[in-house]
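Protein chains in written order, with my numbering: chain A, 18 to 672; chain B, 18 to 672. No residue lacks a Cβ here, since even glycine has one placed at the ideal position from N, Cα and C. Being a predicted model, the structure only gives us computed values, none of them experimental. For reference, the structure discussed in these notes is given below.
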């Protein structure tokens, strides 16, 4: 059995390096890595079609390490295989010395997998558990759309599989017949605190998978032949039927050395004084397994694919033309339309113009108007119904982005709150994805606060002032005020390579823009120029402020109204506007605090020019009410409240 | 079968009212309600031990409607039974007229279940799907601790059961042997957009439940006898073994009227012009079922329990005394300790002082130091290991709070991001719960950004300026700078009835306070009084700023250092401090934007007194580094950076 003895040799060698690098780092998870020694060996040396010299070739098979903390064992293999990564400004083969720099500030050998730090072998930043299988599914969706035969392996910890998102992904893969995905459950029996639950045993995991129709192989995760056979079965299973397939591997945490199995040493590197003993024990294990290396026993299959170049998108029509083409000329003429409906029109037009665009929705396409894309015969193959599982949808969208697509994922803005962890990890990944959250703010009315996005501006704004590795804002946060703006911003999002979040509203609102108005990430629009008071607002509230302008004028206040539809925005321009209005500023928004008004407060307070800013936002938990107006009254945000607040602000100033 | 014919009579009557009230409201989900007509009838008229006159008696059996949108059918039963709710300022029996006010602004008959709006029959605000079963589990945990026989029924939609959190709760109930919980899966075959997935059929659901050892009854959800028998089996199953039990009900969406089954009418009330036809069809259905009501056929069992009064907590010892009692006198003497470690000491001392305190953790007790509670023999019965499933943990904590306990749930601050939806719903619920997020900010160092809480201040700050129904801040956000502060704030959180989030840090830090320092929600501490520059900071960064003070003094800057450990805080006091320092303010924090500095910017910009605020916060996505200092340098937040920023700020001001 020379395959076996060579595989054991490599498994021991990788385990040793995995131990050494974590001891050198003074932190990390060598026992988790050891449990994966054989799985990683068989995958990376004998099964995955990958090219160590070109790890960024996304036509190659991919490995998503969902249990990201186990990464040192993969780094060990990468050092041995010379997988290329970015060191300083250059890409070159990884060496043993490189991985001994694990977790150093100036090293791409990060504590958890992170492609954006210069390690393109990985497609996903992981470390917050339970997300990798969804990303793998998204990558497989992209490959299928490109008609390339790419397999996506995903290693999931048994303790990790307690995360509900894993089971959202399991269902998703079954629904979508994504046989190219090969989930591998690493059942090493221990989590951090304790043994895993009886609900996370290999037997329970197998039964859960079979409950939704998976073909399952349960293997000894330290038997190279069993692993290889199961992986071959996965390949053989990839027929047209798309039957889902998974491997459940029984493994040993701290495999190969007794000293790694004393108690549950999760996340504890070997102390320097036991390192030598650990390495000696690993050598003894190798000997007991008759391990010996022979070149040619293990062979990395060649990569046969390259990801196709994304086709050049055509120009999308103007909003007016798109509306007419959609048979909505009457709505256009009537001059009133909800931004969520405009999203549907935009998504459809964009889908026709750009073959890379993929749409996802979480069972609310009729509310978000993703249905305009889903129900178009020419586009429906690029629509993915994710059902009621927002976390999986977001991570799958990140996977689609990493597979070269331009994914637009929609649900109620409120329900994206559930996926904020996944969104943050997708941003860390450097993925290109667009989120569109509908029914934002209080204007939703009747359904109550469980359906209203209220802290979303604060959350996304927190990231907007943080640069990603490309030097861009980590995300753009967009709030269109009318259908033209929603349409224009969808096109702007598609043109930009990076994360965006756009919020849309439920009620129909009047048009305030036209086809000639440009909408840019980072942009804003001055709707009325005055000299007494700057009012900054966005989205639905632009209309409520508009209603207040006449009364303000009657009260002798000549107001400037700015639609600040993007965060971040042009800070100097907003400062200038504030100065032109004697430093008097009122902000108005339909959500909780730390939002748009907060963004303005930041720049005014930094400038120090003696500004007065009154922030109007939702200051009590809302409830159901029949109409948007009911809710505006309940939260003190009607046009009359705006007038009163403006008057009070001006009085204070003149007092 | 007079039980059957009476049950059918009631089911039809409730369905009719459910249809009428949604038509009157112009929105809502009558077809979902109709699918639950018999289940709600049997539960509320013949099985649950509840008292319509005292729905707030938490000793009664409870109903959690996880698929909150189906609530009109429950409101219909409440109107019929005269369940007490709050109308205006008074509590009185609900009438038919009351529920016809569904979704009105001044009505407690909210669009989704919401106890805080005056409807105490419900324990949980629901509507964001997938959360109810976890809350039910938390309520059952509380009842078990109180040794009362209370059953908790939870109705879950089939489409809803795609949410991973449902399966986290399913596992949790199995692990914890919570046989008092009775999950009822309402398999009506349709979600909003389409038929449910093959992964959400009754058969797949049954198989998933059996995979983790559930006893399952599959019933016709419109057969009263089958429902009653299954519920009786649940009761009979409640032996000491705690074997988990569930009901899978096959139901019909829009049961009882063809006009409700034309296509998938999810979330569409009957239009006024078909309402009459719908009611006629429902009457015909009643006739075809030989429905007739006879008093005495259905009987609500009496409530035998009342929730025991929470015992009066004893006074907790001082931090010094608690440290000595914990055998940590040497650490106390050494004068250095991480705030996460102090959390462990505090949680233990609090647990001994207050029998209502329950601790939860998500498989990281050794990192958060919840282990100090978990591993104490006197407390371990009140520790709940939630494993790697943060969403379930948070919702279960809300359930414990609703069951009269004082739950403290801990994990890495980063992993609470995954449960922000659940946290928001728990706040809407009005639950009393405390979250403690460890390893916050960049000082974590080696593990990288997947483990660092970075947007948490922005998110929680968004809620802190929003009042809940009790008129309090929706949440208090706390950042202790040393072990004394962490200890004191744990005690302050326990004394307060309402949600709190405290973040702790990984590294050991020097003591700056003592036993005499009071720590209050809303408080702050002036550490150094100067007159040139106000520096506001919190948590770990207090120490970094402290290091900068000498250099600042050498540069001629007499700085005031404020530990702003609470948000919200005393705004007037901070404004005064800013004024005493000539309006010059520097904020320093170890997280992303829109945080503490943003909170200060808000008040400075509102005051308009010509302040200058420079905000220092993390402005790039961090990566792994060996130490906290490495990360501070990487993100420009070292004490030297603080000095440079202060100098620049003062120069600008004097220029």
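By Cβ distance below 8 Å, which residues in the same chain neighbour residue 666/A in space, the five residues on each side in sequence not counted? 550, 601, 603, 629 and 631
Run through chain A and tell me which residues come within less than 7 Å of residue 647/B, C-beta to C-beta. Neighbours of residue 647/B on chain A, chain order: 122.
Where residue 83/B falls: helix, strand or coil (DSSP): coil
Is the Cβ of residue 551/B closer than 8 Å to any Cβ of chain A? no
Restricting to runs no shorter than 3 residues, where is the beta strand (DSSP E) found entirely within the region 135 to 202 of chain A? 169 to 174
Would you call residue 39/B buried or exposed, if buried means 16 or more other Cβ atoms sit within 10 Å of its Cβ? Buried is the call here.
Quick one: what's got a C-beta closer than 6 Å to residue 245/B's C-beta in the same chain, skipping five residues either side? Excluding residues within five positions, the ones whose Cβ falls inside 6 Å are 59.
Under a CB-based cut-off of 8 Å, is residue 266/B close to chain A? no
Let me check one thing: in DSSP terms, what residues is residue 400/A bridge-paired to? Beta-bridge analysis with DSSP links residue 400/A to 376/A.
What is the rounded straight-line gap between the Cα of residue 212/B and the Cα of residue 402/A? Cα to Cα, residue 212/B sits roughly 12 Å from residue 402/A.
CB contact check: residue 476/B to chain A, cutoff 8 Å: yes
Please list, in chain order, the residues of the region 454 to 485 of chain B that have any C-beta partner in chain A closer than 9 Å. Here the close residues are 462, 463, 464, 465, 466, 467, 468, 471, 472, 473, 474, 475, 476, 477, 478, 479, 480, 481, 482, 483, 484 and 485.
Residue-chain proximity (residue 523/B, chain A), Cβ-Cβ < 8 Å: no
Beta carbon of residue 471/A, beta carbon of residue 608/A: below 8 Å? yes
Which partner residues of residue 354/A appear in the DSSP bridge assignment? 526/A
Relative to the C-alpha of residue 163/A, which residue among 324/A, 653/A and 575/A is closest? It is 324/A whose Cα lies nearest to the Cα of residue 163/A.
Buried or exposed: where does residue 35/B fall if 16 or more other Cβ atoms within 10 Å of its Cβ makes it buried? buried
Report yes or no: do the region 381 to 397 of chain A and the region 414 to 421 of chain A share at least 3 C-beta pairs separated by less than 8 Å? no
Contact residues within the region 91 to 109 of chain B, judged by C-beta distance below 9 Å to chain A: none
Measure the C-alpha to C-alpha separation of residue 180/A and residue 158/B and round it to an integer number of angstroms. 21 Å
If you follow the beta strand (DSSP E) that residue 519/A is in, where does it begin and where does it stop? Boundaries of the beta strand (DSSP E) around residue 519/A: 517 to 520.
Endpoints, the alpha helix (DSSP H) within which residue 536/B is located: Careful: residue 536/B lies outside any alpha helix (DSSP H) and carries neither H nor E.
Nearest-angstrom Cα distance between residue 55/B and residue 251/B? If you take the alpha carbons of residue 55/B and residue 251/B, they lie about 17 Å apart.
For the alpha helix (DSSP H) containing residue 501/A, list its first residue and its last residue. 500 to 512
Counting only Cβ pairs nearer than 8 Å, list the residues of chain A close to residue 42/B. Near residue 42/B (Cβ distances below 8 Å), the residues of chain A are 463 and 643.
Specify the secondary structure class of residue 576/A as computed by DSSP and reduced to three states. strand
Under the rule that 16 or more other beta-carbon atoms within 10 Å means buried, what is residue 113/B, buried or exposed? Label assigned to residue 113/B: exposed.
For residue 599/A and chain B, any beta-carbon pair shorter than 8 Å? no
Nearest chain B C-beta to residue 114/A closer than 8 Å, yes or no? Using a CB distance cut-off of 8 Å, residue 114/A does not count as an interface residue toward chain B.
Does DSSP classify residue 424/B as helix, strand or coil? strand
Consider the Cβ of residue 577/A: report whether some Cβ of chain B lies at a distance smaller than 8 Å. So, not an interface residue.
Per DSSP, the bridge partner or partners of residue 102/B: Residue 102/B is bridged to 109/B.
On a Cα-Cα basis, can you pick out the residue from 119/B, 330/B, 486/B and 82/B that is closest to residue 153/B? 82/B
Considering just the uninterrupted stretch of the beta strand (DSSP E) at residue 592/A, what are its terminal residues? No beta strand (DSSP E) contains residue 592/A, which is instead part of the alpha helix (DSSP H) from 588 to 597.
Taking 8 Å as the CB-CB cut-off, is residue 53/B touching chain A? no
Can you say whether residue 412/B is buried or exposed, counting buried as having 16 or more other CB atoms within 10 angstroms of its CB? buried
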